[in-house]
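Numbering (the working numbering), first residue to last: 2 to 244. Glycine residues also receive a C-beta, built at the ideal position from the N, C-alpha and C atoms.
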């Protein structure tokens, strides 16, 4: 996608934390999707979403611009390759006909694109009317955003996240409000939205304990306003209007 991300990022650095897949799982339940539905995971990376998606869809298309990430994906899902169609593809130019998929998933990817709106336009193009779109991205409408701005000015090569956990690559400054605004512009009906990861956004010195707070079964703060708009990640489930 014309970014340093596809050549310089270390694809081994990040795997999906449990709460992210919990949110995706909850969203998929709300869609009422059938096993024979067509599904694509755009910007799939090393395939963090695939184990969850395969619970709901018999076949999943997995596309990414990074060849090294897709190789790792193939190794991780070597026993499921009959259910996964893997393609190296730029998400701005998806080689699929319009209205091809019942479900389009685009999580933790838009922040790494120079023109995220182009990617969203493609996601909507390949989504069938009445189909569902799952979006997510980092939310910097919180103290972590201030840290990110400072770090990017002091350490310009470490622009991935607020804490400098990743080498090089790019990460756009997104907020929950911007992600929700994108969804509204695309003429989508928002079914649900959710925030996740309180620790890294507000209590950075305790971020190693985020799983205790964000994964505790009885805790639902990620569903509640205004907290869900202020957490480190923001997720949207939306449906494409038929007319």
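* To do: Report all residues from its chain with a CB closer than 6 Å to the CB of residue 243; omit the five preceding and five following residues, and keep chain order.
  => Position 242 of the chain shown, counting from 1, holds the residue named residue 243. Closer than 6 Å at Cβ, skipping near neighbours: 130 and 131.
**OP:** Check whether the region 136 to 153 touches the region 178 to 198, counting contact only when three or more Cβ pairs, one atom from each stretch, lie closer than 8 Å.
**Re:** yes
Original post:
Do the region 105 to 114 and the region 172 to 187 touch if we need at least three Cβ pairs shorter than 8 Å?
Top reply: yes
Are the CB atoms of residue 135 and residue 238 nearer to each other than 8 Å? One-based indexing of the chain shown puts residue 135 at position 134. One-based indexing of the chain shown puts residue 238 at position 237. Against a cut-off of 8 Å, the Cβ pair of residue 238 and residue 135 comes out as a contact.
Paired residues, beta bridge with residue 195 - DSSP:
Here residue 195 corresponds to residue number 194 of the chain shown, with the count starting at 1. According to DSSP, residue 195 bridges with 236.
_Do residue 34 and residue 104 have their beta-carbon atoms positioned less than 8 Å apart in this structure?_
Locating residue 104 in the chain shown gives position 103, counting from the first residue. Locating residue 34 in the chain shown gives position 33, counting from the first residue. In this structure, residue 34 lies closer than 8 Å to residue 104 by Cβ.
Distance between residue 235 and residue 176 (C-alpha atoms, nearest Å): The sequence position of residue 176 within the chain shown is 175, counting from 1. The sequence position of residue 235 within the chain shown is 234, counting from 1. Roughly 8 Å separates the two Cα atoms.
Report the rounded CA-to-CA distance for residue 108 versus residue 120, giving the unit in angstroms. Numbered from 1 along the chain shown, position 107 holds the residue referred to as residue 108. Numbered from 1 along the chain shown, position 119 holds the residue referred to as residue 120. Roughly 12 Å between the two C-alpha positions.
Subject >> Sequence-distant residues of its chain with Cβ nearer than 7 Å to residue 24 (five each side left out) >> reply: For the purposes of this step, residue 24 is taken as the residue at position 23 of the chain shown. So the qualifying residues of the chain are 195, 197 and 236.
Buried or exposed: where does residue 123 fall if 16 or more other Cβ atoms within 10 Å of its Cβ makes it buried?
In the chain shown, the residue the question calls residue 123 occupies position 122. The residue in question, residue 123, is buried, as its Cβ has 16 or more Cβ neighbours within 10 Å.
**Prompt:** Pick from 116, 41, 204 and 90: whose alpha carbon is nearest that of residue 66?
**Reply:** If you number the chain shown from 1, residue 66 lands on position 65. With distances taken between Cα atoms, residue 66 lies closest to 90.
- Specify the secondary structure class of residue 190 as computed by DSSP and reduced to three states. As a first step, residue 190 must be located in the chain shown, where it is residue number 189. Strand.
Relative to the C-alpha of residue 204, which residue among 179, 146, 182 and 156 is closest?
Translated into positions along the chain shown, residue 204 becomes position 203. For residue 204, the nearest C-alpha among the options comes from 146.
Under three-state DSSP, which class holds residue 201?
-> Taking the chain shown and counting its residues from 1, one reaches residue 201 at position 200. Reduced to three states, the DSSP call for residue 201 is helix.
Residue span of the alpha helix (DSSP H) that contains residue 171, given as start and end: Stepping through the chain shown from its first residue, residue 171 is reached at position 170. Neither: residue 171 is in no alpha helix (DSSP H) and is coded neither H nor E.
- Task: Have a look at the DSSP bridge pairing and note the partners of residue 137.
- Result: As a first step, residue 137 is located in the chain shown; it is residue number 136 there, counting from the start. According to DSSP, which records beta bridges pairwise, residue 137 is partnered with 236.
| request: Note the first and the last residue of the continuous beta strand (DSSP E) segment covering residue 43. | output: The residue given as residue 43 occupies position 42 in the chain shown. Per DSSP, residue 43 belongs to the beta strand (DSSP E) from 40 to 43.
Give me the residue from 69, 74 and 229 with the minimum Cα distance to residue 61. Locating residue 61 in the chain shown gives position 60, counting from the first residue. That would be 74, whose Cα lies nearest to the Cα of residue 61.
Self-check item: Per DSSP, cross-strand counterpart(s) of residue 107
Solution: Position 106 of the chain shown, counting from 1, holds the residue named residue 107. For residue 107, which the question treats as bridged, DSSP gives the partners 136.
Original post:
Taking the alpha carbon of residue 72 as the point to measure from, which residue in 184, 233, 46 and 58 has its own alpha carbon closest?
Top reply: The residue you call residue 72 lines up with position 71 of the chain shown. When only C-alpha atoms are compared, the closest one is 46.
_Our contact map puts residue 26 next to residue 53 with C-beta atoms below 8 Å; I'd like the distance itself, whole angstroms only._
Here residue 26 refers to the residue found at position 25 when the chain shown is read from its first residue. Here residue 53 refers to the residue found at position 52 when the chain shown is read from its first residue. Correct: roughly 5 Å between the Cβ atoms.
inquiry  = So, under 8 Å CB-CB, residue 43 and residue 133 are touching, yes? Tell me the CB distance rounded to an integer number of Å.
reply    = In the chain shown, residue 43 corresponds to position 42, counting from 1. In the chain shown, residue 133 corresponds to position 132, counting from 1. Going by Cβ atoms, the distance from residue 43 to residue 133 rounds to 14 Å, so no, they are not a contact pair.
Worksheet entry | Classification of residue 202 by the beta-carbon crowding that lies within 10 angstroms, buried from 16 upward | Here residue 202 refers to the residue found at position 201 of the chain shown. Buried, since its Cβ has 16 or more Cβ neighbours within 10 Å.
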